[in-house]
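Shown next, in structure tokens, is the structure this report addresses.
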Amino acid sequence: MLKSFFGGVHPPGFKTSTKNKNIRPAALPKKIILPLSQHTGSSAEPVVSPGDYVEAGAVIAKATGFISSNIHSSVSGKVLAIEPAAHPVLGKCRAIIIEPELQQKRLDSIKDCADSGFDPGKLNPADILDAVSSAGIVGMGGAAFPAHVKLSPPKNKKIDTLIINAAECEPYLTCDHRLLLERPIDIINGIKILANVLGVKKCIVGIEDNKCDSAEVIRNASILKSDIKVVPLHTKYPQGSEKQLIDAMLDKEVPSGGLPFDAGVVVHNVATALAIYEAVALNKPLYERVVTVSGDCIKDPANLLVKIGTPASELAAECGGFIKKPKKIIFGGPMMGVAQPSEDAPVIKGTSGILFLSKDIAGEYNEGVCIRCGACVRACPMYLEPTTIYYAAKKARFDIVNDLCALDCIECGACSFDCPARLELSGIIKYAKAMIKK
Ligand code: SF4
Ligand code: SF4
């Protein structure tokens, strides 16, 4: 039986242009831009200076606290500058700019394959945490929360379940789907490492039923590791949201204002599980990732293995350039991604996709008037009343907005997607949340 959650919407998938294409490495970019903030928490502090030579995998900026993350060079080459540069989420951010050299070198300590006899279940949890933290691993599904923090639950929270998020519910994105098909054993080993450090026996991989091929591959790969179960999920947006996954897969509710820890669960994305395997077994820091480059403007959409810091413009060229003029460039998926003013922003650790959409897809609409149809209420997976919150926020009644539990909004955009009056519901609710916090 397919598992699901309350509410949600069914946007068109737009995945066919990349879902059957193998991951291929992108060409070396002319310039790498590595923002000092690529994660939730405080920015990293540079430990290199302009003119320095660095190898791929070398630490170039160090975490500045527990909720922060190291940043590593994704190429070998010369540090050109440390200056403000385009950032896909923050607009601008201080970044280390590196010019790659032609003959690339990476740190000798990085291995191509795990040592013989590598057994994720026999590792020391403290060593795993050290490796994950040193390698600068963050949540790669978009939130970019430092992984070592998620793997260190408060002592008073009993964690009994690890959920691996392979839902990939955003339209266009297929990078996780390809990883499941192409790297199943490494992902399973990553899951075993996570289970070890959390001390849990119950590990579940949630995959939407539009990716049955990857569910089958992971199921076969996990036969030898009997603690891992694959659970098919109803294809519905936002199935990949942590709270909706926990609801669908375990029938548990994360309390208002709470975290998955409060339901005894830790959720990690499938790409993060792979990065954790690479950090622990191969000594490899997080300096490259798979990115879906797609949209109706792109000549040859692809899933690319990309050096973190590669500008979007270089990836568009890598995919054959444009067949139509892009009206909108989005980092992430079309539902929760961030629209960009230009192609200058680089791939960061949490970038799962870059979309180039024409005016045929990314049309502009004028807001109408609410017709009281209730579609937004039915769509909201957090049981909110988007239309009521919207009108209260429009009147700057943030006290009412707060009473309506707007802070529980996960900013999924399902309400806006289903609204026949084209009201900017999620945008206004996002703004209202910021005003309440202020
Ligand atoms: S109110 Fe928030 S959580 Fe509910 S559908 Fe809209 S954006 Fe999603
Ligand atoms: S979906 Fe739009 S029109 Fe319908 S009740 Fe909600 S805000 Fe009003």
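Each residue of the sequence shown is one higher than the last, beginning at 1 in the UniProt record's numbering. Every residue gets a Cβ at the ideal spot worked out from N, C-alpha and C, and that includes glycine.
Straight-line CA distance for P12 to P381? Looking up residue 12 in the sequence shown gives position 12. Looking up residue 381 in the sequence shown gives position 381. For P12 and P381, the distance between alpha carbons rounds to 18 Å.
On the DSSP bridge list, what partners appear for A61? In the sequence shown, counting from the first residue as 1, residue 61 sits at position 61. Per DSSP, P46, I71.
Please tell me whether, using a cut-off of 7 Å, the distance from the CB of A414 to the nearest non-hydrogen atom of ligand 1 is below it. As a position in the sequence shown, residue 414 is number 414, starting the count at 1. Yes - ligand 1 has a heavy atom lying nearer than 7 Å to the Cβ of A414.
State the beta-bridge partners of A189 as determined by DSSP. In the sequence shown, residue 189 corresponds to position 189, counting from 1. As written in the sequence, residue 189 is Asn, which differs from the Ala given in the question. Its beta-bridge partners do not exist; DSSP assigns none.
Hey, residue 445 and I276: beta-carbon distance below 8 Å or not? This structure does not reach residue 445, given that the chain is present from 1 up to 438, and the question cannot be answered.
With 16 other Cβ atoms within 10 Å as the buried cut-off, status of L34: Here residue 34 refers to the residue found at position 34 when the sequence shown is read from its first residue. Under this definition L34 is a buried residue.
Which class does R289 belong to by DSSP, given the choice of helix, strand or coil? Position 289 of the sequence shown, counting from 1, holds the residue named residue 289. Strand.
Inter-residue spacing [alpha-carbon to alpha-carbon] between G295 and A317: Here the question's residue 295 lines up with position 295 in the sequence shown. Here the question's residue 317 lines up with position 317 in the sequence shown. Taking the straight line from one Cα to the other gives about 14 Å.
Below 8 Å on the Cβ atoms is my guess for C415 versus A379; work out the distance and round it to an integer in Å. For the purposes of this step, residue 415 is taken as the residue at position 415 of the sequence shown. For the purposes of this step, residue 379 is taken as the residue at position 379 of the sequence shown. Confirmed, about 5 Å.
Apart from the five residues on each side of it in sequence, which residues of its chain come closer than 6 Å, Cβ to Cβ, to A114? As a working note, residue 114 is residue 114 in the sequence shown. Only A281 meet the Cβ criterion.
Taking only three categories from DSSP, how would you classify L423? As a working note, residue 423 is residue 423 in the sequence shown. Correct three-state label for L423: coil.
Taking just the CA atoms, how far does L90 sit from I164? Locating residue 164 in the sequence shown gives position 164, where the first residue counts as 1. Locating residue 90 in the sequence shown gives position 90, where the first residue counts as 1. One C-alpha to the other measures close to 28 Å.
Does the separation of the CB atoms of I298 and F322 fall below 8 Å? In the sequence shown, the residue the question calls residue 298 occupies position 298. In the sequence shown, the residue the question calls residue 322 occupies position 322. A contact, by the Cβ cut-off of 8 Å.
Beta-carbon proximity check, K359 vs K327, cutoff 8 Å: Locating residue 359 in the sequence shown gives position 359, where the first residue counts as 1. Locating residue 327 in the sequence shown gives position 327, where the first residue counts as 1. Their beta carbons are under 8 Å apart, which means K359 touches K327 by this criterion.
At the level of alpha carbons, what is the spacing between V75 and F14? What you label residue 75 is simply residue 75 of the sequence shown in a count that begins at 1. What you label residue 14 is simply residue 14 of the sequence shown in a count that begins at 1. Straight-line Cα distance between these residues: approximately 32 Å.
Name all residues in chain order for which at least one heavy atom of ligand 2 lies closer than 7 Å to the residue's CB. C370, I371, R372, C373, G374, A375, C376, V377, P386, T387, Y390, C415, D418, C419, P420, A421, L423, L425
Could you say which of D247, G374, G257, G350 lies nearest to C405 if we only look at CA atoms? By 1-based counting over the sequence shown, the position of residue 405 is 405. Among D247, G374, G257, G350, the Cα nearest to that of C405 is on G257.
Quick check on DSSP: helix, strand or coil for C409? Counting from 1 along the sequence shown, the entry for residue 409 is found at position 409. Three-state DSSP puts C409 in coil, outside helix and strand.
For L179, I'd like the list of residues in its chain whose CB is within less than 7 Å of its CB, leaving aside the five on either flank, ordered along the chain. Within the sequence shown, residue 179 is the residue found at index 179, counting from 1. Excluding positions up to five away in sequence, the list reads I187, V270, A271, L274, V290.
Residue range of the beta strand (DSSP E) that R397 falls in? The sequence position of residue 397 within the sequence shown is 397, counting from 1. Neither: R397 is in no beta strand (DSSP E) and is coded neither H nor E.
Entirely enclosed beta strand (DSSP E) segments - the segment 307-332, minimum 3 residues: 328-331
Just the C-alpha distance for K201 and A263, rounded to the nearest angstrom, thanks. The residue labelled residue 201 in the question sits at position 201 within the sequence shown. The residue labelled residue 263 in the question sits at position 263 within the sequence shown. If I take the Cα positions, the gap works out to 16 Å.
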